[in-house]
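Structure, as structure tokens:
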Amino acid sequence: MRASAVAEKAGVRTVSVVASGFVRQARAIAQTVGAGNLSVAEYPGVIMTDSKGELRRKVEQVLLTGIIDGLTTPVEDSGRPAEPEARDVVFKGTLEEVQAFFHKNLWTEGLPVTPPTVEAVEKFLRFTDRSPDEVIGVLPPENREATIWNIAVNGVMAGCRPEYMPVLVAATEAMAEPEFGMEHAGATPGWEPLLVLNGPIIKQLDFNYGSGVMRVGRQANTSVGRFLRLYMRNVAGLRIPPGATDKGSIAYTFNVALAENEDAVAELGWQPFSVDRGFQPGENVVTVQSVINVSPPCYTGGHTPLEHMATIAEVIGRGSMAYWTATSAYFGKSYPLFVLSPSVAGVIAKGGWTKDDVRQYLRDNARDEAGFLTRLGWNSGGTSFSFANLVEQGLISEEYCQSADPGRMVPIFLRSEWISIVVSGDPGRNQSRGYMQNQRQGVPTSKKVMLPAAWDRLIEMDVKLGGL
37 MRASAVAEKA GVRTVSVVAS GFVRQARAIA QTVGAGNLSV AEYPGVIMTD
87 SKGELRRKVE QVLLTGIIDG LTTPVEDSGR PAEPEARDVV FKGTLEEVQA
137 FFHKNLWTEG LPVTPPTVEA VEKFLRFTDR SPDEVIGVLP PENREATIWN
187 IAVNGVMAGC RPEYMPVLVA ATEAMAEPEF GMEHAGATPG WEPLLVLNGP
237 IIKQLDFNYG SGVMRVGRQA NTSVGRFLRL YMRNVAGLRI PPGATDKGSI
287 AYTFNVALAE NEDAVAELGW QPFSVDRGFQ PGENVVTVQS VINVSPPCYT
337 GGHTPLEHMA TIAEVIGRGS MAYWTATSAY FGKSYPLFVL SPSVAGVIAK
387 GGWTKDDVRQ YLRDNARDEA GFLTRLGWNS GGTSFSFANL VEQGLISEEY
437 CQSADPGRMV PIFLRSEWIS IVVSGDPGRN QSRGYMQNQR QGVPTSKKVM
487 LPAAWDRLIE MDVKLGGL
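Taking my numbering, the leading residue of the sequence shown gets 37, the next gets one more, and so forth.
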């Protein structure tokens, strides 16, 4: 649809061929790119599950007619309705009536929201020195402006506390970066953003970084994680049916915010994840990335690094993350994230291993059969996928094509330096987990958390009032 919009603006008439499951999304995208009169020809059904004979029949008997009609029949542009201004009061009523109104307008992800009254929003604005009208960026697919004001609005709705505002702003800045790829967030894999937090603000705002770190239950972790999904829905415009811009086929729900255990990291002699991302120790940093799947809990035992890493490479690498190798190779990007409990990281660090040693071991030893990975790439729609072609294009190393044997073992991870390591979770258990990132969609993006000049006084006041 985006390519068709460019062609139409250049004076070339187009018809976009779209499978049935994407027709509503295609028309919604046409509206957001300012070309609501784009013609669509529908392919009935699911292409990847049709036989060659069925594919030919549908093209000849159905699709061809749709293409001809699309080229000869004009489509009216219905446009997008006007939206309220920032401080407009759009509804008044009881709490129950407010919830019903928000659900009806698709302004909530299905959970009750805290009504974003002007008074509630202004409490959030006390925790930033930036103007409420400041525009951080424009978020596709609906191309709506991300502002300090609507960050506060959605923060209220998500159940955040006002003092979380600097974290919410930094997270929004990260998602608004073009490299993050918000325009792809409605893709069928149904990925979710994950926020990783570093710095003294973790303790100041009472984020959990111990047992149950990725479970709902702590207000800071939970509400900030919910904010990401709510903001992507309300401002970027990514909505599942009855909306039409989020095509997550099965998908899953939001991640809570992941805070690193920086005390444990310091004891190991390692640097925090934020330093790996290019920031200084002690800085408050937010990193947001996509997560396409989460590995099972991986328990490892032993008193040497190799005993733990061999299992992690097999269970998390080959067992959970291999499926996405072909897609990652096709786009030449992949940023998997490993969360190690302090006890597991402790054994690895005491054995003399650095984070780079961990990354290199995973790159060298997490492998799977080339033929199997090629098949997985085909299943996801890459019917012309070939490791050989990608090596020739320079997207992946020659290591993937040292022979033509489909049973040859090739690396699951494209580059060691793209592997992220965070230390968090129950220090009394030997568990790790992996979070697979979705190639060019949701590329890890980091921003420094900018605190207001009166931060210390504001936090002290909240403590006195019993807020923290």
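Glycine included, every Cβ here is placed at the ideal spot set by N, Cα and C.
Check: When you compare each of Asn401, Asp400 and Phe423 to Arg411 by their alpha carbons, which one comes out closest?
Finding: Taking each of Asn401, Asp400 and Phe423 in turn and checking the Cα distance to Arg411, the smallest one comes out for Phe423.
I'd like to confirm the pairing. Which residues does DSSP put opposite Thr323 in its beta bridges? For Thr323, which the question treats as bridged, DSSP gives the partners Val232 and Ser482.
Neighbour flag for Ala62 against chain B, beta carbons, 8 angstroms: Structure shown: chain B not included; a single protein chain is present.
request  = Compute the distance between the beta-carbons of Ala74 and Ser52, then report whether it is under 8 angstroms.
outcome  = At residue 74 the sequence reads Leu, which differs from the Ala that was named. Their beta carbons are under 8 angstroms apart, which means Leu74 touches Ser52 by this criterion.
| said: Measuring only the C-alpha atoms, how far is Gly337 from Val458? | reply: Roughly 19 angstroms between the two C-alpha positions.
_Range covered by the beta strand (DSSP E) that runs through Asp282_ = Careful: Asp282 lies outside any beta strand (DSSP E) and carries neither H nor E.
Report task. Inspect the beta-carbon positions of Gln438 and Ser326 and report whether they are closer than 8 angstroms. Result -> No, the pair does not count as a contact, with Cβ atoms beyond the cut-off.
Item to complete: Use the C-beta contact count for Asn186: other C-beta atoms within 10 angstroms, 16 or more gives buried, fewer gives exposed.
Response: Buried, since its Cβ has 16 or more Cβ neighbours within 10 Å.
Straight-line Cα distance separating Gly72 from Gly353 | If you take the alpha carbons of Gly353 and Gly72, they lie about 43 angstroms apart.
query: So, using beta-carbon positions, are Gly461 and Ser364 closer together than 8 angstroms?
result: No. Outside cutoff.
>> So if DSSP puts Pro447 in a beta bridge, which residue, or which two residues, is it bridged to?
In response: Partner(s): Arg403.
field: Beta-carbon contacts of Lys283 that lie in its chain and below 7 angstroms, excluding the five residues immediately before and after
entry: Excluding positions up to five away in sequence, the list reads Phe58, Gln61, Gly222, Ala223 and Thr224.
Mind pulling the alpha helix (DSSP H) runs of 4 or more residues that sit fully within the region 38-65?
-> Within the region 38-65, the runs of alpha helix (DSSP H) at least 4 residues long that lie entirely inside it are, in chain order, 38-45.
| When you compare only the Cα positions, how much space is there between Phe367 and Ser416? | If you draw a straight line from the Cα of Phe367 to the Cα of Ser416, it is about 13 angstroms long.
*Pick helix, strand or coil for Gln473, following the three-state DSSP scheme.*
If DSSP states are grouped into helix, strand and coil, Gln473 belongs with coil.
So, is Ile432 buried or exposed, given that buried needs 16 or more other C-beta atoms within 10 angstroms? Around the Cβ of Ile432, a 10 Å sphere holds 16 or more other Cβ atoms; the residue is buried.
Across which residues does DSSP place Gly457 in a beta bridge pair? Going by the sequence as given, residue 457 is Ile instead of Gly. Per DSSP, Phe374.
(request) Report the rounded CA-to-CA distance for Asn401 versus Pro308, giving the unit in angstroms. (result) Within the model, the alpha-carbon separation for Asn401 versus Pro308 is close to 25 angstroms.
Three-state secondary structure (DSSP) of Gln467: In this structure, Gln467 counts as strand in the three-state DSSP scheme.
Next on the checklist: Short of 7 angstroms in beta carbon distance, which residues of its chain neighbour Glu219, apart from the five on each side in sequence? Order them along the chain.
Outcome noted: Spatial neighbours of Glu219 in its own chain (CB-CB distance under 7 angstroms, excluding positions within 5 residues in sequence) are listed in chain order as Pro176 and Pro177.
Taking a contact to mean a Cβ-Cβ separation below 8 angstroms, would you say Val189 touches Thr164 in this structure?
Val189 is not a Cβ neighbour of Thr164, given a cutoff of 8 angstroms.
Query raised in the report: CB-CB under 7 angstroms to Val252, same chain, minus the five flanking residues each way: which ones, in chain order?
Result: If we look at Val252 and ignore the five residues flanking it on each side, its Cβ neighbours are Thr258 and Val292.
message = Considering just the uninterrupted stretch of the alpha helix (DSSP H) at Val154, what are its terminal residues?
response = Here the alpha helix (DSSP H) through Val154 covers Val154 to Leu161.
What number of angstroms, rounded off, separates the C-alpha of Ser468 from the C-alpha of Val330? If I take the Cα positions, the gap works out to 11 angstroms.
Bridge partners for Ala182 per DSSP, in chain order? Looking at the DSSP assignment, Ala182 forms a beta bridge with Gly173.
- Item | Continuous alpha helix (DSSP H) stretch holding Glu78: start and end | No alpha helix (DSSP H) holds Glu78; the beta strand (DSSP E) holding it covers Ser75 to Tyr79.
Distance CB(Glu405)-CB(Arg269) smaller than 8 angstroms: Against a cut-off of 8 angstroms, the Cβ pair of Arg269 and Glu405 comes out as no contact.
| request: Kindly indicate which residue of Lys128, Ala207 and Tyr471 has the alpha-carbon position closest to the one of Pro151. | output: Comparing alpha-carbon positions, the option among Lys128, Ala207 and Tyr471 lying closest to Pro151 turns out to be Lys128.
Quick check: what's the CA-CA separation for Met345 versus Gly261?
About 29 angstroms.
Per DSSP, what kind of secondary structure is Val427 in: helix, strand or coil?
In the structure shown, the three-state DSSP call for Val427 is helix.
Open item on the list: Taking the straight line between their C-alpha atoms, what separation do you get for Thr361 and Tyr436?
Closed with: Their backbone Cα atoms lie some 11 angstroms apart in a straight line.
task: Label Arg265 either buried or exposed according to how many other C-beta atoms from any shown protein chain fall within 10 Å of its C-beta, with 16 as the threshold for buried.
output: Here Arg265 is buried, its C-beta having at least 16 other C-beta atoms within 10 Å.
Suppose the cutoff is 7 angstroms on Cβ atoms and the five residues either side in sequence are ignored; what does the same chain contact list for Arg49 look like? Excluding sequence neighbours, Arg49 sits near Leu107.
Open item on the list: Considering Cα atoms alone, identify which of Pro463, Arg465, Tyr359 and Asn320 is closest to Val485.
Closed with: Out of Pro463, Arg465, Tyr359 and Asn320, Asn320 has the C-alpha closest to the C-alpha of Val485.
With DSSP collapsed to three states, give me the class of Ala257. Residue identity check: residue 257 is Asn in the sequence provided, not Ala. Look at Asn257 here: in three-state DSSP terms it is helix.
Margin query: For Gly355, tell me which candidate among Thr208, Arg166, Tyr471 and Trp491 has the shortest Cα-Cα distance.
Written below: Selected option, being the one with the closest Cα: Tyr471.
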